[in-house]
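Asks: Note that the protein sequences, when read in sequence, are chains A and B.
For the first sequence, our numbering assigns the number -5 to the initial residue and increments by one for each residue that follows.
For the second sequence, our numbering assigns the number -5 to the initial residue and increments by one for each residue that follows.
Glycine included, each C-beta is placed from N, C-alpha and C at the ideal position.
Take this structure first; my questions come after.
2 protein chains.
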Amino acid sequence: MALKRVVIAGMGFGGLNAAKMLANSGLEVVMVDRNNYHLFQPLLYQVATAGLEKESIAYPLRALSRQWQHARFRMGTIEGVDLAGRMLKLKDGELAYDYLIMALGSRTSYFGNDCIARHAFDLKQLEQAEALRNHILLVFEMASRESDLANRSALLTFVIVGGGPTGVEFAGALRELIVHVLSKDYPEIKLAETRIVMVEAASSLLNAMPEHLREYALCKVRSMGIEVMLEVKVVSADGSSVALHNGVVIPTCTLFWSAGVAASEVSAGLGVPLASAGRVVVQPDLRLAEHPEVYVIGDMACAKQDGLPLPMTAPVAEQQGRHVAASIMAVERGEAVKPFVYKDKGTMATIGRSAAVAVTCGMTFKGWPAWAVWLMLHLYYLIGFRNRLLVLMNWAYYYFFHEHQVRLITDADDQKAGGLLNGR
Amino acid sequence: MALKRVVIAGMGFGGLNAAKMLANSGLEVVMVDRNNYHLFQPLLYQVATAGLEKESIAYPLRALSRQWQHARFRMGTIEGVDLAGRMLKLKDGELAYDYLIMALGSRTSYFGNDCIARHAFDLKQLEQAEALRNHILLVFEMASRESDLANRSALLTFVIVGGGPTGVEFAGALRELIVHVLSKDYPEIKLAETRIVMVEAASSLLNAMPEHLREYALCKVRSMGIEVMLEVKVVSADGSSVALHNGVVIPTCTLFWSAGVAASEVSAGLGVPLASAGRVVVQPDLRLAEHPEVYVIGDMACAKQDGLPLPMTAPVAEQQGRHVAASIMAVERGEAVKPFVYKDKGTMATIGRSAAVAVTCGMTFKGWPAWAVWLMLHLYYLIGFRNRLLVLMNWAYYYFFHEHQVRLITDADDQKAGGLLNGR
C-alpha cells in the first residue's frame, strides 16, 4: 500500500519543524522550496554587513532528507494550490497530497509604493543580503574617489526605514562596520562624512518591547552615532534621494526598507478568506475551514490568540510547525485535533557589540546579559555543526579583532547605486 | 616633495608580490584592480565543486593597503594605457604614474569560436565559480524530476575540455562530489547515469609533466570513473550538446572549457609588439623596449628563457612581481636593472583525495606524498590567517566525513542549463 503523502510547501522555520517531526512517522514527506536550502533569516543582516559568509546561515535541505527514510526534497517555485483536486501547483509541475502544510512565509511590503519598491533594499533572501553587502562596499569605493561633496554625502548616507528588530539590528551592525572596519579601510573618507538615519513612523523603536527597554534601545542607538527620526514616514525615493512626509529630502544612494511585511502572494490565489497583510484566516487548529487536510502556518497564517493575531516571528512558526505535525499524526491515529496555543518564550533584539534587549519568562534584560543570551540562542537555533562553528568563529574573530573579513564586492555590477553612478 | 608613484595594474599573484615589496619602500604605491580583493585562482575549482565558500579564497585588498603607509587601493576597470602621457586609463577616470607595473593576467580563449564561448563555463573569476556550482547542483535537481531518459542523460553528462591541471583538478573534484555527496543527496539518480567526459586535443593529460606522471594521472583519472578522450577536439556547442571533430555528438548541458588562455585584452590596445596568445613582448628585464618605466609581468608578458616563453603560471608571476619591485628600487638608487631569471621550483596537480602528481627539485612525486605537498603549499600561499583556517577546516571536514557542505544553489536563475530548460 502506498504511504499517505504530506507535502510541506516552504522550508522556513515552520516547514522545517513540521518535517523534522513527521520524518520517520510512517507517512511520505515531500519538502518543497524554491531554494535547495533552509535559510536562517535572523542573521541575514550580518551577511549584509560583511560579518558572515552567506553559506554559513543556509543549510542544504537534501542533507536533511537523506537522513530520513520516507522523506524527499523537491525544488520548485510554488504558484498555487488546487484545493479541490488536492494538488500543489509548481512552476514546473504539480504534486498530489493527502495532507498539505502551507508555510510560505512572508515578503516585504511597500504598501503599493512602487518607487520605493524599485529603489529600496530589503532582507528576505540570501542573494539580497549579498547584494546589499556589495552595494555598501561599492558606495564606499565610489565615495573614496568622488570629489563633489554633495555626491560624496549621498553615497555615504544610509537611510533605514522601520524601527523594528530588523531595522535596529541592521543599523547597529552597519554603524559598527563603518566605525571599526571601513573607517580604517578608507583613509580617503572621514567618519564624520558618514551618516545613518533611522526613520520610524511610530513614536519609539522596538514597539513590541516594554517601555524601559524601548528607551534603552533608543539611547543606545543614538549614542552609537545613528540619527533616529520618530513619527516620520518615507513617501518616495528615486535612487539618489528619499523624501519624507514632512517635506524633508535626504540625499542618499542607500534606502533600506524593513517597515512592512505581507504574507506570501500565494495566499491571495487560494480563494479563502484573508486577514490583514494578506494572511490566511485559519481555524484554531491551523486548518482551513473548508479543507481540513490543509494546514497553514507561520507568517502566512493569521491565527488569533486572546483576540489578537499572533506575530509574524520564527518562534510562532516553529511551534505551529510542530503542532500541525502532531495534528496530522493524531488524525492518522483517529484521534481528535487540538487547537494551537502559542507559548511566548520571549523576544529580543541586538543593537551592537555587548548591547541587546530581551524579554523572557516575565523578566527583562538589557546590555551585555541580553546580548549573551541572544548570541547563544542564535547559535543554538542555527542548523548544522559546521554552520555553528563558522558563525562562532566569525563572531569571536570580530569580537577580539574588530575585523570583518567578508568585505568583498562579489558582483561589481550594482543596480541600485543608480542615480549617482549614471551621473558620473 | 611629492613621492614618485608606482601604479600596479592588476592584483593577482604578480601585482600582489610587487606591492608587498614596494610597500614602505619610500615610493607611493597605488594598487588597481576591478575587484576589491586578491583572488587565489588555483582553488576556484573547489568553489565550483561545493568544497569551499567563495569568500575563503579571496582577500580584501584594503586589508593590505591599510597596513602600508604610502600604499592605497583604487578599484577600477582598466581600459588602456597612455604610454606617452604616462596615464593608466580606467573606465571611470585615469591615474598618472612614474612607474607602471602591468599585471592584468589572462582570460579564457575560445580561439574565436563564439558558440563555444556562449555555452561554456570557465573558471577565471569568483562569480564564475559560484555560477558553475549553482549550475551543477541545478542540473541534478532537474534530472531528479526528469522522466525522459535522453534529457536525464544530457543533464547528468559533464564534458570537460582541456587536460591541463585545471581540467584534471576540476574533473577529479566533480567526480568526488558526485560519488561521495550527490549520489547520497539524490536517491532519484543512479551513479551509473552520471558521466564525466574529458576531451583533450593532445595525446596525454598534463603535458607539462614527465611521462610516467602523465601515465599515472591518466590511469588514476580513468580509475575514478572519468572517461578520457585523447586527440579529440570540440568543434561546436549549443547548450544541450557538444560536437567533436570526429563527428561524435555528446548530449550535455554542461561544457567546461579549460583548453585555452590568452593575455588580457588590454595588451592589444597598448600598441606594442605582441607574441602568441596576445602576450606583450618584454625585454629580459621585463620592461617595454620603448618605455623603460613600464613593466609587464605574469600571464600578460611573454618573457623568454632558454629561447622558450615562460609558462602562464602563478610562480612565474610571483617571481616577476618581486623582480620588478626590486628593479624599480634599483632604478631609484641609480643602480643597473638585472634581467629576470625564472627559478623553476616545480609543478603539480591534484587529481583527487590522496592523489596528485608533482615535480620539484629534480624529483617526481605521485599519490599521497604529492597530495600532501600540494595541500601544504596551497595553504601556505593562501593569504590571511582566517582564510587558511577556513580552507583547512573545510578540507579536514571533507577528508573525514566525505561531505561537502557548501552545496547551495544561491541563484536559481541558471542561464546555461538553457537548451533543456527551454524545452520543458
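Exposed or buried, Ala114/A, counting other C-beta atoms within 10 Å across all chains shown (16 or more means buried)?
Replies: Residue 114/A sits at position 120 when you count from the first residue of the first sequence. Looking at its Cβ environment, which holds 16 or more other Cβ atoms inside 10 Å, Ala114/A is buried.
Asks: Can you confirm whether Arg56/B, when its beta carbon is compared against all beta carbons of chain A, has any partner nearer than 8 Å?
Replies: To locate residue 56/B, count along the second sequence from 1; it is residue 62. Yes, contact with chain A.
Asks: In or out: Pro159/B buried (at least 16 other Cβ within 10 Å) or exposed?
Replies: To locate residue 159/B, count along the second sequence from 1; it is residue 165. Buried, because 16 or more other Cβ atoms sit within 10 Å of the Cβ of Pro159/B.
Asks: If we count Cβ pairs, one from each stretch, closer than 8 Å, do we get three or more for the stretch 50 to 67 of chain B versus the stretch 175 to 191 of chain B?
Replies: Cβ pair count under 8 Å is below three, so no.
Asks: Are there 16 or more other CB atoms within 10 angstroms of the CB of Val175/A, so buried, or fewer, so exposed?
Replies: As a working note, residue 175/A is residue 181 in the first sequence. Under this definition Val175/A is a buried residue.
Asks: Per DSSP, what are the beta-bridge partners of Val274/A in this structure?
Replies: Counting from one through the first sequence, the residue named residue 274/A turns up at place 280. Leu268/A and Ala295/A, per the DSSP bridge assignment.
Asks: Which whole-angstrom value is the C-beta distance of Leu82/B and Val26/B, which I expect to be below 8 Å?
Replies: Numbered from its first residue, the second sequence carries residue 82/B at position 88. Numbered from its first residue, the second sequence carries residue 26/B at position 32. Correct: roughly 7 Å between the Cβ atoms.
Asks: Let me know if Cys421/A comes out buried or exposed under the rule of 16 or more other beta-carbons within 10 Å of its beta-carbon.
Replies: The requested residue 421/A is not part of the displayed model; chain A covers only -5 to 418.
Asks: So His372/A is in the alpha helix (DSSP H); what residue range does that whole segment cover?
Replies: Residue numbering aside, residue 372/A sits at position 378 when the first sequence is read from its first letter. Where His372/A is concerned, the enclosing alpha helix (DSSP H) stretches over Trp362 to Tyr375.
Asks: Tell me whether Val41/B sits in a helix, a strand or coil according to DSSP, three-state version.
Replies: For the purposes of this step, residue 41/B is identified with residue 47 of the second sequence, where counting begins at 1. DSSP places Val41/B in helix when its eight states are reduced to three.
Asks: What does a CB cutoff of less than 6 Å around Ile95/B pick up in its chain, not counting 5 residues either side in sequence?
Replies: For this step, residue 95/B is matched to residue 101 along the second sequence. Excluding positions up to five away in sequence, the list reads Ile2, Ala12, Tyr289 and Val318.
Asks: Could you tell me if Lys85/A is buried or exposed, where buried requires 16 or more neighbouring beta carbons within 10 angstroms of its beta carbon?
Replies: Taking the first residue of the first sequence as 1, we reach residue 85/A at position 91. That one is exposed.
Asks: Rounded to whole angstroms, how far is the Cβ of Ala257/B from the Cβ of Ala271/B, which I believe are closer than 8 Å?
Replies: To locate residue 257/B, count along the second sequence from 1; it is residue 263. To locate residue 271/B, count along the second sequence from 1; it is residue 277. Yes, they are in contact, since the Cβ atoms of Ala257/B and Ala271/B sit about 6 Å apart, within 8 Å.
Asks: From the beta carbon of Ala52/A, is the nearest beta carbon of chain B less than 8 Å away?
Replies: Walking along the first sequence from the start, residue 52/A turns up at place 58. Output row for Ala52/A: interface = yes.
Asks: Could you check if Lys48/A is buried or exposed, using at least 16 other CB atoms within 10 Å of its CB as the buried criterion?
Replies: Translated into the one-based positions of the first sequence, residue 48/A becomes position 54. With 16 or more Cβ atoms within 10 Å of its Cβ, Lys48/A is classed as buried.
Asks: Roughly how many angstroms lie between the CA atoms of Leu383/A and Trp389/B, to the nearest whole one?
Replies: On the first sequence, position 389 is the one that residue 383/A refers to. On the second sequence, position 395 is the one that residue 389/B refers to. Each residue's Cα considered, the two are about 15 Å apart.
Asks: Within the continuous alpha helix (DSSP H) that includes Trp251/A, where are the two ends?
Replies: Stepping through the first sequence from its first residue, residue 251/A is reached at position 257. Note, Trp251/A: premise wrong, no alpha helix (DSSP H); beta strand (DSSP E) at Thr248 to Trp251.
Asks: Would Met69/B count as contacting chain A if we go by Cβ distances under 8 Å?
Replies: Working through the second sequence from its first residue, we reach residue 69/B at position 75. So, interface residue.
Asks: Are the C-beta of Gly106/A and some C-beta of chain B separated by less than 8 Å?
Replies: Against the first sequence, residue 106/A aligns to sequence position 112. No, no contact with chain B.
Asks: Using a cut-off of 8 Å between C-beta atoms, extract the partners of Ile403/A located in chain B.
Replies: Here residue 403/A is taken as the residue at index 409 of the first sequence, counted from 1. Under the 8 Å cutoff, chain B gives Asn29, Asn30, Tyr31 and Met69.
Asks: Could you give the C-beta distance for Gly340/B and Ala349/B, rounded to a whole number, given that I count them as a contact under 8 Å?
Replies: Here residue 340/B refers to the residue found at position 346 when the second sequence is read from its first residue. Here residue 349/B refers to the residue found at position 355 when the second sequence is read from its first residue. With a Cβ gap of about 17 Å, Gly340/B and Ala349/B do not count as contacting.
Asks: Are the C-beta atoms of Arg146/A and some chain B residue less than 8 Å apart?
Replies: Here residue 146/A is taken as the residue at index 152 of the first sequence, counted from 1. By this cut-off, Arg146/A is not an interface position.
Asks: Going by DSSP in three states, Ile322/A sits in which element: helix, strand or coil?
Replies: Taking the first residue of the first sequence as position 1, residue 322/A is located at position 328. Ile322/A falls in the helix class under three-state DSSP.
Asks: Is the separation between the beta-carbon of Val222/A and that of Val215/A shorter than 8 Å?
Replies: Looking up residue 222/A in the first sequence gives position 228. Looking up residue 215/A in the first sequence gives position 221. For Val222/A and Val215/A, yes; Cβs fall inside 8 Å.
Asks: Measuring only between beta-carbons, confirm whether Arg189/B sits less than 8 Å from chain A.
Replies: Taking the first residue of the second sequence as position 1, residue 189/B is located at position 195. No - not a single Cβ of chain A is within 8 Å of the one on Arg189/B.
Asks: Establish whether the CB of Glu73/A and some CB of chain B are separated by less than 8 Å.
Replies: Position 79 of the first sequence, counted from the start, is the residue given in the question as residue 73/A. Not one chain B Cβ lies under 8 Å of Glu73/A.
Asks: For Val242/B and Leu98/B, which I take to be in contact (beta-carbon distance under 8 Å), what is that distance rounded to the nearest angstrom?
Replies: Here residue 242/B is taken as the residue at index 248 of the second sequence, counted from 1. Here residue 98/B is taken as the residue at index 104 of the second sequence, counted from 1. That belief does not hold up - the Cβ atoms of Val242/B and Leu98/B are roughly 37 Å apart, past 8 Å.
Asks: Compare the C-beta of Gly412/B with all C-beta atoms of chain A and state if any pair is closer than 8 Å.
Replies: Numbered from 1 along the second sequence, position 418 holds the residue referred to as residue 412/B. Residue placement at Gly412/B is poorly supported in this model, since its pLDDT is 46, which falls under 50; the coordinates still yield a value, given next. It does not; no Cβ of chain A falls within 8 Å.
Asks: Determine contact between the stretch 55 to 64 of chain A and the stretch 262 to 277 of chain A, defined as no fewer than three beta-carbon pairs at a distance below 8 Å.
Replies: Output reads no: the stretch 262 to 277 of chain A does not touch the stretch 55 to 64 of chain A.
Asks: Taking buried to mean at least 16 other C-beta atoms within 10 Å of its own C-beta, is Gln313/A buried or exposed?
Replies: Position 319 of the first sequence holds residue 313/A. It counts as buried.
Asks: Would DSSP call Arg(-1)/B helix, strand or coil?
Replies: For the purposes of this step, residue -1/B is identified with residue 5 of the second sequence, where counting begins at 1. Here Arg(-1)/B sits in strand by DSSP.
Asks: Looking at chain A, is there any beta carbon in it that lies within less than 8 Å of the beta carbon of Tyr289/B?
Replies: Working through the second sequence from its first residue, we reach residue 289/B at position 295. Answer no: the Cβ-Cβ gap between Tyr289/B and chain A never drops below 8 Å.
Asks: Looking at C-alpha atoms only, which residue of Glu73/A, Ile190/A, Val276/A and Gly106/A is the closest neighbour of Ser217/A?
Replies: Counting from one through the first sequence, the residue named residue 217/A turns up at place 223. Measuring from the Cα of Ser217/A, the nearest candidate turns out to be Ile190/A.
Asks: Let me know the beta strand (DSSP E) ranges lying completely inside the stretch 47 to 76 of chain B, each 3 residues or longer, listed in chain order.
Replies: Fully enclosed beta strand (DSSP E) runs of 3 or longer: 52 to 54, 65 to 69 and 72 to 76.
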